[in-house]
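**Student:**
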Amino acid sequence: MFTLEDRHEEAEVVSLERPELLMFCGLMGLAGCIAPFVTIVWGTAVADHDFIADTISDLARGDHKRIMDVGFYLNASGLLAIAIAAAHAHLGKVGWTLGVFALSFLALVVVLLGLWDEFNDVGGPGTDMTVHTQLTFLLGPLYLIGPLVMAKGAGGISPTYGWLFVASAAIWALFAAAFKLSPDSIDGIVEKIAIGGSFLWTVPLSFLFIARGYEKTHRVTGRRQQS
1 MFTLEDRHEE AEVVSLERPE LLMFCGLMGL AGCIAPFVTI VWGTAVADHD FIADTISDLA
61 RGDHKRIMDV GFYLNASGLL AIAIAAAHAH LGKVGWTLGV FALSFLALVV VLLGLWDEFN
121 DVGGPGTDMT VHTQLTFLLG PLYLIGPLVM AKGAGGISPT YGWLFVASAA IWALFAAAFK
181 LSPDSIDGIV EKIAIGGSFL WTVPLSFLFI ARGYEKTHRV TGRRQQS
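If you're matching positions, the sequence shown starts at 1 in full-length UniProt numbering and goes up one per residue.
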């Protein structure tokens, strides 16, 4: 139970938050979540890409690789923006801080995935173990731990956020594991479902910061009008 002193401290912290920063980062995060969907559809339409069998990494290679690279970089920008907003409006304790680092590391990994999509000589001739492949292994724990450790803090704003974050981690874990076991004929769609599940974390988190900034802006405006 929160004491009166705790509520005063929370009010002081909230008063230091910049609503324009939260809304900008939230919108950037939302755009970063939408961008991969757009580039996947775009790339599928213009490239020889089997939506069911081919992975996103397959789409990031070949003559039309720059389309998917744009999706990688915009997604990374969105993840970094959400991390900045989460650090600015800190809604938890150690768990929330770990979530901020998870978002930041995800942004870095996604950028590197775009940069290393065609460097195929790391594991030596005749092997699939490339830099790009090795980087994808980092996505697993980050997309699993991130939403779980931030679920409690976001759940304090609304229980819906907490449940969505847990669902995101569960869907990601299930389909990311299934992807490793799936035959080549369907592993593309399994991977896309896993990625889609991760957006149950980042999209609501983006909306959380947009709403928080918007509410604070109108609260300040209302006080000015009253005075």
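C-beta atoms are modelled at their ideal positions from N, C-alpha and C, and glycine is treated no differently. As the structure is a computational prediction, the values presented were derived from the model and not from experiment.
Figure out for me which residue from A167, L164, L91, F175 has the closest Cα to the Cα of G156.
**Tutor:** Selected option, being the one with the closest Cα: L91.
**Student:** With DSSP collapsed to three states, give me the class of A47.
**Tutor:** Note: A47 maps to coil in three-state DSSP.
**Student:** Could you check which residue in D48, L79, Y73 has the C-alpha nearest to that of D63?
**Tutor:** The shortest Cα separation from D63 among D48, L79, Y73 belongs to D48.
**Student:** From K152, L59, R66, pick the residue whose C-alpha is nearest to that of G99; which is it?
**Tutor:** Of the candidates K152, L59, R66, the one whose C-alpha sits nearest the C-alpha of G99 is K152.
**Student:** Excluding the 5 residues preceding and the 5 following F175 in the sequence, name in chain order all residues of the same chain whose CB lies nearer than 8 Å to its CB.
**Tutor:** Result list for F175: V190, E191, I193, A194, G197, in chain order.
**Student:** May I ask which residues mark the beginning and end of the alpha helix (DSSP H) holding I84?
**Tutor:** I84 -> alpha helix (DSSP H) spans 65 to 88.
**Student:** Do the CB positions of L113 and L142 come within less than 7 Å of each other?
**Tutor:** In this structure, L142 does not lie closer than 7 Å to L113 by Cβ.
**Student:** Go to I171, then tell me how far its alpha helix (DSSP H) extends in each direction, as first and last residue.
**Tutor:** Unbroken alpha helix (DSSP H) run through I171: 159 to 181.
**Student:** Does the segment 154 to 171 come close enough to the segment 179 to 189 that 3 or more CB-CB pairs lie under 8 Å?
**Tutor:** They do not touch, by the three-pair rule.
**Student:** Given a threshold of 16 other Cβ atoms within 10 Å of its Cβ, counted over all protein chains shown, does H218 qualify as buried or as exposed?
**Tutor:** Result: exposed.
**Student:** Are the C-beta of W172 and some C-beta of chain C separated by less than 7 Å?
**Tutor:** No chain C appears in this structure, which consists of one protein chain only.
**Student:** Hey, A76 and A35: beta-carbon distance below 7 Å or not?
**Tutor:** Contact flag unset, no.
**Student:** Name the residue from W96, T97, A89, W201 whose alpha carbon lies nearest to the alpha carbon of E20.
**Tutor:** That would be A89, whose Cα lies nearest to the Cα of E20.
**Student:** How would you call L16, buried or exposed, if buried means at least 16 neighbouring beta carbons within 10 angstroms?
**Tutor:** Burial call: exposed.
**Student:** Can you tell me whether T133 is helix, strand or coil according to DSSP?
**Tutor:** Helix at T133.
**Student:** Please identify the residue among P204, L115, R18, L208 whose C-alpha is closest to the C-alpha of R66.
**Tutor:** Among P204, L115, R18, L208, the Cα nearest to that of R66 belongs to L115.
**Student:** Measuring CA to CA, which of H132, A83, V110 is closest to V203?
**Tutor:** V203 has its Cα closest to that of A83, out of H132, A83, V110.
**Student:** Starting from the C-beta of L30, find all residues in its chain whose C-beta is less than 6 Å away, skip the five residues before and the five after it, and write them out in chain order.
**Tutor:** Only S206 meet the Cβ criterion.
**Student:** So, with DSSP's three-state summary, where would you put W201?
**Tutor:** W201: helix per DSSP, three-state reduction.
**Student:** Which whole-angstrom value describes the C-beta separation of F22 and G213, a residue pair presumed to lie in contact below a C-beta threshold of 8 Å?
**Tutor:** Strictly speaking, residue 22 in this sequence is Leu, with Phe absent from that position. Confirmed, Cβ separation roughly 3 Å.
**Student:** What does the Cβ neighbour count give for A177, buried or exposed, with the cut at 16 atoms within 10 Å?
**Tutor:** Exposed is the call here.
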